[in-house]
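Quick mapping for you: the protein sequence lines, in order, are chains A and B. Those letters in the first sequence? Residues 15 to 250, per the working numbering, in order. Those letters in the second sequence? Residues 42 to 664, per the working numbering, in order. Take a look at the structure below.
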Amino acid sequence: MKVRIKFTKEGPMKFVGHLDTMRYFQKAIRRAELPIAFSGGYSPHMIMSFAAPLGVGVTSTGEYFDMELTVTIPTDEICQRLNSQMVDGIRVLSARQVEDGKASKAMSLVAAADYLVEFRPGKAPADGWQTRITEFLKQPEILVTKETKKGEKQVDIRPFIYKMNLQNNNRIFLSLASASANYTKPDAVIDAFTAWLGQELPEFACMIHRLEVYADLGNEKKHKFVSLESLGVEVQ
Amino acid sequence: MRKLALSDEILLSVDKAARYIGGEVNSIMKDKDKVTTRVAFSFPDVYEIGMSNLGMMLLYNMFNKRPDVWCERVYSPWLDLDKIMREQKIPLFALESQDPVKEFDFLCITLGYEMCYTNVLQTLDLSQIPLMAKERDESCPIVIGGGACAYNPEPLAPFFDLFYIGEGETVYDALFDAYKANKAAGGSREDFLMKAAQIPGIYVPAFYDVAYKEDGTIASFAPNRPGVPQKVQKQLIVDMDKGYCPIEKPVVPFIKATQDRVTLEIQRGCIRGCRFCQAGMIYRPLRERDVEELKESARAMLKNSGHEEISLSSLSSSDYTHLEELVNFLIDEFKSAGVNISLPSLRIDAFALDVMSKVQDIKKSSLTFAPEAGSQRLRDVINKGLTEEVILHGAKEAFIGGWNRVKLYFMLGLPTETEEDMKGIAHLAERIAEEYYDTVPKKKRHGKVQIVVSTSFFVPKPFTPFQWAPMYTEQDFIDKAKVVKEEIRAQLNQKSIKYNWHEPDVTTLEGFLARGDRRASEVILKAYEKGALYDAWSESFRYDIWKEAFAETGIDIEFYTLRERSTDEILPWDFIDAGVTKEFLIREWKQAKGEVVTPNCRQKCAGCGARRYEGGVCYEGKN
């Protein structure tokens, strides 16, 4: 049985990096005594795969990983058993059975993600930025410098910003491309925006929160984003 | 959600912020208003190292069983955070509550190795507690030192209110009770220390005075007030079935600790009596844990931690009576669930090879031997009962079993060492290589045999028969390593032998700190003030600072390192009764010089003195 887990990562847990979060779940699965499948060989490892890695310092209510169980278990029981082993800051929101096969791997499905960005007290750009988001998006291209293995290169991220709008008059909602080829960091968008405003943000000015991660059931021309969770089904 | 002591901005600008957030699985949270005594337990090194220390976790677990005590963990902030905390005057905090250490009742510091001494001062300093015990007032926590280095607490004496000598399981309860009673009665800090000094195993340095002779040796060491014992007696658990407080729920770090596994302590002490080994002397007598209890304990710890590896802990696992039963149980029970089983300190024999072939990949693993000395003569001097015949036989069996990697550990600078002994290291490595080529036919070889020879420099430690021995100069040490290196290069199979050795500067300093007296504290303080920190880390160890500290305090390191002490000299740690008697140590020192081997505890009692604890191996089969 292939199961997709959706979980949160909040509070102090935002300081635990991606690899350590994977190790955390490996140990939690053992404590929950879930019958996870192992690869063969002398040092067998658990068959599990994480979707989009989350940067240190970013919180989330929409994280995912897939795992393979050797026995079918009702999905709400999986959820319950994992939740009995969580620490403060991580909660399992759902467990869903998903199709087997490489094409349906959480990692390779990721196409987009939603974020909320809030400025820390006293670290927001000068007033007036709230009304200029539409204008920012009207630019034909938004060039940012990306560091690659071969050095720096200019990338136009405008096509990768699917949505950007103001919420509550103090925070920015972002929907960004997140496939491996077009992965766009929310802080890169905020940096481009404030640079365009002609302002420079102090270090650690933003608090970033990931809301959801999506697969794309449509195509390049017409996206049809669905949450990774909704691709699975509950099992009784 | 828990509030952290450090701001997001700070945590995002330091390496591995998860070191400082607490909140790990099985870490213990209590309501601070519902406890009477708050204990901050520190291991003065970085989190990943400190979290791997078994002794500290045993006591954390045990203290927190008391409803009136909340024990929390403290580790050394790494250099990046250390700098920020100093600049911004942020007080050092405990991981669980994130509250400042200075608000606690006790600060217990584990002294695992000498090279952490400047980190002890860092812990006090960042906690905003005066470094000198005599400058502390009623508001300061009581600062306690314990662990292996507390067997010579003198170099740290002025920085501690009291030391706990021996295994923590025995009198901490009495100490906490005395503290509570004193607090309830409105007693002062001094009143408490006086009560503490009367508890066996507790040493309050301020209650003792030292006088020195003109030649620098100790003239006298005695209590400076009535009611304080002349000798402080080492504490230990006599009956492991009753006194041992097993960990059921190990704390599981978020980041990878050095020992990312369940550690199962199978026994304490050692029967072997290697004359250089402090642990083998101070933890006498050998006391085994019940095998059924160990099985239960392994099961509980694996289940509650979710770790994927379990390791047996002891000084010499092969001497555990029920080892075969225990190891087979672990393999049968947990191997299929993907749990790795790690067996350090196993003597290589048929059983060990059989077990190793079951629990590890032969192609990736190596055999480890610790002959410690290169010649039989010197092995007799140090009482290491491992013969060349045994090593070659073990290696041969292993080569037949498919292994082709061997690690060999030796010490250079042992008492009475000659050039022949040093060269013996190369010859032994060569003979093992030859054994491989003789044993394994060409067709069956997977490349060359790989032999890795590592040497460290010998540091004499208190309460060992070598506590009187001189050390060598750094140049001598370098020359010794050169002798080994050149002799290895002269061997037929030199291409199969790799040689590693350590720099000698840390060794010299370790030797000074290990056998120092109270005056050594001046050097530690000076070095710390000049910026020495994390001396156990080669990347941050600054010998130049220490050299300046010696020069500025006028303390001669060679007095402590190069001098052979006479057996009637008063040694700084003589006021501690560590179980082994001075008569026994002197006898062993003479036996060593005479190249005479002493049988192990199971073969014949050597009358070391530990028998008066009335337990363990001394009473095996004599119920």
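Where is the CB? At the ideal position from N, CA and C, for every residue including glycine. What you are looking at is a predicted structure, and each value in this text was computed from that prediction instead of being measured.
Notebook entry, point to check: Opposite Pro141(B) in the DSSP bridges: which residues?
Noted result: Taking the first residue of the second sequence as 1, we reach residue 141(B) at position 100. Note: Pro141(B) sits in a beta bridge opposite Phe134(B).
Check: When DSSP labels each residue in this structure, what does Trp210(A) get in the three-state scheme?
Finding: The count along the first sequence starts at 1 and reaches residue 210(A) at position 196. DSSP, read as helix, strand or coil, puts Trp210(A) in helix.
Item checked: Close beta carbons around Cys659(B), own chain, < 6 Å, minus the five adjacent residues each side -> Taking the second sequence and counting its residues from 1, one reaches residue 659(B) at position 618. So the qualifying residues of the chain are Pro326, Arg652.
Notebook entry, point to check: Under 8 Å Cβ-Cβ, which residues of chain A neighbour Asp49(B)?
Noted result: Along the second sequence, read from residue 1 onward, the residue named residue 49(B) stands at position 8. Those within 8 Å of Asp49(B) in chain A are Gly71, Arg134, Phe218, Met221.
Next item on the list: Compile a chain-ordered list of the residues in the region 133-166 of chain A whose CB is closer than 9 Å to at least one CB of chain B.
Entry: Hits within the stretch, in order: Arg134.
Next item on the list: Would you please verify whether the beta carbon of Tyr197(A) is less than 7 Å from any beta carbon of chain B?
Entry: Counting from 1 along the first sequence, the entry for residue 197(A) is found at position 183. No, its Cβ sits nowhere closer than 7 Å to a Cβ of chain B.
Check: Nearest-angstrom Cα distance between Tyr361(B) and Gly426(B)?
Finding: As a working mapping, residue 361(B) is identified with position 320 in the second sequence. As a working mapping, residue 426(B) is identified with position 385 in the second sequence. Cα to Cα, the separation comes out at about 17 Å.
Checklist line | Thr162(A), buried or exposed, once every other Cβ within 10 Å from all chains shown has been counted against 16 | finding: Taking the first residue of the first sequence as position 1, residue 162(A) is located at position 148. In summary, Thr162(A) is exposed, with fewer than 16 beta-carbon neighbours lying within 10 Å of its beta-carbon over all protein chains present.
Check: Hey, how far is the Cα of Gly656(B) from the Cα of Asp280(B)?
Finding: The sequence position of residue 656(B) within the second sequence is 615, counting from 1. The sequence position of residue 280(B) within the second sequence is 239, counting from 1. So the alpha carbons of these two residues sit roughly 7 Å apart.
Check: When we look at the beta-carbon of Met42(B) and count the other beta-carbons within 10 Å, is it buried (16 or more) or exposed?
Finding: As a position in the second sequence, residue 42(B) is number 1, starting the count at 1. By the neighbour-count definition (other C-beta atoms within 10 Å, threshold 16), Met42(B) is an exposed residue.
Item checked: Best match in Ser346(B), Lys344(B), Leu394(B), Ala339(B) for proximity to Phe370(B) [C-alpha to C-alpha] -> In the second sequence, residue 370(B) corresponds to position 329, counting from 1. Residue Ala339(B) is the option with its Cα nearest to Phe370(B).
Next item on the list: Indicate the three-state DSSP secondary structure (helix, strand or coil) for Ser108(A) in the structure shown.
Entry: Translated into the one-based positions of the first sequence, residue 108(A) becomes position 94. Secondary structure at Ser108(A): strand, using DSSP grouped into helix, strand and coil.
Note to self: Beta-carbon within less than 6 Å of Leu122(B)'s beta-carbon, same chain only, minus the 5 sequence neighbours each way: which residues are those?
What the structure shows: On the second sequence, residue 122(B) is found 81 positions in, with the first residue counted as 1. Cβ within range, chain order: Val55.
Checklist line | Contact set for Val85(A): own chain, Cβ-Cβ below 6 Å, skip 5 residues either direction | finding: In the first sequence, the residue the question calls residue 85(A) occupies position 71. In the same chain as Val85(A), and ignoring 5 residues on each side of it, the C-beta atoms closer than 6 Å to its own belong to Pro49, in chain order.
Note to self: Give me the residue from Arg18(A), Ala195(A), Ile19(A), Glu24(A) with the minimum Cα distance to Met221(A).
What the structure shows: Taking the first residue of the first sequence as position 1, residue 221(A) is located at position 207. Comparing alpha carbon positions, the residue from Arg18(A), Ala195(A), Ile19(A), Glu24(A) closest to Met221(A) is Glu24(A).
Check: Under a three-way DSSP split, which group does Arg172(A) fall into?
Finding: Within the first sequence, numbered from 1, the residue matching residue 172(A) stands at position 158. Helix, per DSSP.
Margin query: Which residue marks the beginning of the alpha helix (DSSP H) containing Trp587(B), and which one marks its end?
Written below: For the purposes of this step, residue 587(B) is taken as the residue at position 546 of the second sequence. Going by DSSP, Trp587(B) is part of the alpha helix (DSSP H) stretching over 584-594.
Next item on the list: Note the first and the last residue of the continuous beta strand (DSSP E) segment covering Tyr513(B).
Entry: Taking the second sequence and counting its residues from 1, one reaches residue 513(B) at position 472. Segment: none, Tyr513(B) is in no beta strand (DSSP E) and carries neither H nor E.
Notebook entry, point to check: Is DSSP giving Ala191(A) helix, strand or coil here?
Noted result: If you number the first sequence from 1, residue 191(A) lands on position 177. In this structure, Ala191(A) counts as strand in the three-state DSSP scheme.
Checklist line | DSSP three-state assignment for Lys344(B), whether helix, strand or coil | finding: In the second sequence, the residue the question calls residue 344(B) occupies position 303. Three-state DSSP puts Lys344(B) in a helix.
Next item on the list: Report the rounded CA-to-CA distance for Arg486(B) versus Leu83(A), giving the unit in angstroms.
Entry: Locating residue 486(B) in the second sequence gives position 445, counting from the first residue. Locating residue 83(A) in the first sequence gives position 69, counting from the first residue. When rounded, the separation of the alpha-carbon atoms in Arg486(B) and Leu83(A) is 41 Å.
Checklist line | Simplified DSSP state of Gly257(B), which is helix, strand or coil | finding: Within the second sequence, the letter at position 216 stands for residue 257(B). In this structure, Gly257(B) counts as coil in the three-state DSSP scheme.
Item checked: Selection from Phe150(A), Ser74(A), Val112(A) that minimises the alpha carbon distance to Asp128(A) -> Taking the first residue of the first sequence as 1, we reach residue 128(A) at position 114. Nearest neighbour of Asp128(A) by Cα position, chosen from Phe150(A), Ser74(A), Val112(A), turns out to be Ser74(A).
Check: What's the call for Gly662(B), buried or exposed, on a 16-neighbour Cβ count within 10 Å?
Finding: Your numbering for residue 662(B) matches position 621 in the second sequence. Classification of Gly662(B): exposed, given that the 10 Å Cβ count is below 16.
Check: Going along the chain, which residues of its own chain have a beta-carbon closer than 6 Å to the beta-carbon of Asn664(B), five neighbours each way excluded?
Finding: Mapped onto the second sequence, residue 664(B) falls at position 623. Unreliable positioning characterises Asn664(B) in this predicted model, as indicated by a pLDDT of 48, which lies under 50. The coordinate reading is nonetheless provided below. Excluding residues within five positions, none has a Cβ falling inside 6 Å.
Check: Quick one: what's His363(B) bridged to in DSSP?
Finding: Along the second sequence, one-based indexing puts residue 363(B) at 322. Answer is none; His363(B) lacks a bridge partner.
Notebook entry, point to check: So, does the CB of Ala298(B) fall closer than 7 Å to a CB anywhere in chain A?
Noted result: Locating residue 298(B) in the second sequence gives position 257, where the first residue counts as 1. No, no contact with chain A.
Note to self: On the CB-based measure, 16 or more other CB atoms within 10 Å of its CB, does Arg44(A) come out buried or exposed?
What the structure shows: For the purposes of this step, residue 44(A) is identified with residue 30 of the first sequence, where counting begins at 1. Looking at its Cβ environment, which holds 16 or more other Cβ atoms inside 10 Å, Arg44(A) is buried.
Next item on the list: State buried or exposed for Met173(B), treating a residue as buried only when at least 16 other CB atoms are found within 10 Å of its CB.
Entry: Here residue 173(B) corresponds to residue number 132 of the second sequence, with the count starting at 1. Met173(B) is exposed by the Cβ-count criterion.
Check: Can you tell me where the alpha helix (DSSP H) with Tyr61(B) in it begins and where it stops?
Finding: Residue 61(B) sits at position 20 when you count from the first residue of the second sequence. In the DSSP assignment, Tyr61(B) falls outside any alpha helix (DSSP H), carrying neither H nor E.
Checklist line | Classification of Tyr56(A) by the beta-carbon crowding that lies within 10 angstroms, buried from 16 upward | finding: Within the first sequence, the letter at position 42 stands for residue 56(A). Under a 10 Å Cβ-count criterion, Tyr56(A) is classified as exposed, with fewer than 16 other Cβ atoms of the shown protein chains found around its own Cβ.
Note to self: Against Lys344(B), what residues of chain A qualify as contacts under a CB-to-CB distance less than 9 Å, listed in chain order?
What the structure shows: As a working mapping, residue 344(B) is identified with position 303 in the second sequence. Those are Arg44, Arg45, Glu47, listed as they occur along chain A.
Check: Which residues in chain A sit within 8 Å of Met42(B), going by Cβ to Cβ distance?
Finding: In the second sequence, the residue the question calls residue 42(B) occupies position 1. Glu24, Gly25, Pro26, Asp102, Gly103, listed in chain order.
Notebook entry, point to check: By Cβ distance below 7 Å, which residues in the same chain neighbour Leu95(B) in space, the five residues on each side in sequence not counted?
Noted result: Numbered from its first residue, the second sequence carries residue 95(B) at position 54. If the five residues before and after Leu95(B) are omitted, its C-beta is found closer than 7 Å to the C-beta atoms of Thr304, Glu306, Ser354, all from its own chain and listed in chain order.
Note to self: Buried or exposed, going by whether 16 or more other CB atoms sit within 10 Å of the CB of Glu476(B)?
What the structure shows: Mapped onto the second sequence, residue 476(B) falls at position 435. By the 10 Å Cβ count, Glu476(B) comes out buried.
Item checked: Residues from the region 49-64 of chain B in contact with chain A, defined by Cβ distance under 7 Å -> Per Cβ criterion, the list reads Asp49, Glu50, Leu52, Leu53, Ala58, Ala59, Ile62, Gly64.
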